Each structure stands twice: as structure tokens, then as C-alpha cells.
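Take a look at the structure set out below.
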Amino acid sequence: MSSARFAALVAAQPENKMFRFSLAQALLREEKPAEAVPHLEFCVAAQADWMMARILLGKTLLALGRPADAKPRLEDALRLAIEQHHEDPERELRVILAELG
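Counting from 1 along the sequence shown, just add 13 to a position and that's the residue number in the numbering used here.
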């Protein structure tokens with residue numbers, strides 16, 4: 014689905030975190046990372062244990078040249094990956110964080 018479709022859903026239900034996450038993903042597919050950030054931030058704030066939202070936000074911030082903003086999000090995602098026993102995301106996050114230093 015296009016970001017326009019998800020934007021309409023978010024406009025109708027702005028507190029729906031799944032609509033916002035889907036909108037952010039659509040915006041990223043359309044190469045609009047800056048527009049995706051506020052929706053991902055909403056998702057992170059809405060659900061404390063949402064690992065994927067943190068990973069996507071961290072990666073998006075990195076792509077926007079904002080490593081200082083990305084690092085705490087990625088560290089939170091790593092903590093959640095460990096707590097939730099998600100081995101593949103844990104490995105990926107360890108590599109990304111090691112590269113950040």
C-alpha cells in the first residue's frame with residue numbers, strides 16, 4: 014500500500030500505532046525517511062517493548078546522518094532483543110552498535 018493510503022488511515026485514527034508503523038514503513042519504501050521518523054517515534058513511545066519500531070527508528074536516524082540520536086534507540090532495541098530472545102536482531106544490532114563505537 015502507498016503512504017497516501019496509510020496517511021488517510023492515520024488521519025482517521027491518529028492514535029493507532031499499527032497504522033503509524035505501516036505508514037512509516039511505506040514512507041521508507043518511498044525513500045522519505047525524514048517523514049517516517051515522527052511516526053516511528055510515536056510507535057516507540059506508545060509501546061515500551063516494541064523492538065522492531067526501535068530498530069527501524071534507529072536505522073532511519075542513521076540513514077539521516079543522526080548517529081547520536083540513533084544509538085540510544087538501537088541500544089534499547091538490543092536490550093529488548095535479548096529479553097525477548099530474538100537472536101537474529103540481537104546479532105544485527107551488536108554489529109551496528111559496534112560500528113557506531
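Even glycine gets a Cβ: it sits at the ideal position worked out from N, Cα and C. Everything numeric in this text was worked out from a predicted model, so none of it was measured.
Am I right that F34 and A66 are in contact with their C-beta atoms under 8 angstroms? What's the rounded C-beta distance?
That belief holds up - the Cβ atoms of F34 and A66 are roughly 6 angstroms apart, short of 8 angstroms.
For a test of the three-state rule: what should DSSP assign to R79, helix, strand or coil?
R79 falls in the coil class under three-state DSSP.
In whole angstroms, what separates the C-alpha of A17 from that of R107?
Whole-angstrom Cα-Cα distance: 35 angstroms.
Using a threshold of 8 angstroms, state whether the C-beta atoms of A90 and I68 are closer than that.
In this structure, I68 lies closer than 8 angstroms to A90 by Cβ.
Is DSSP giving K84 helix, strand or coil here?
K84 falls in the helix class under three-state DSSP.
Count the other CB atoms within 10 Å of the CB of E43; is the residue buried (16 or more) or exposed (fewer)?
E43 is exposed by the Cβ-count criterion.
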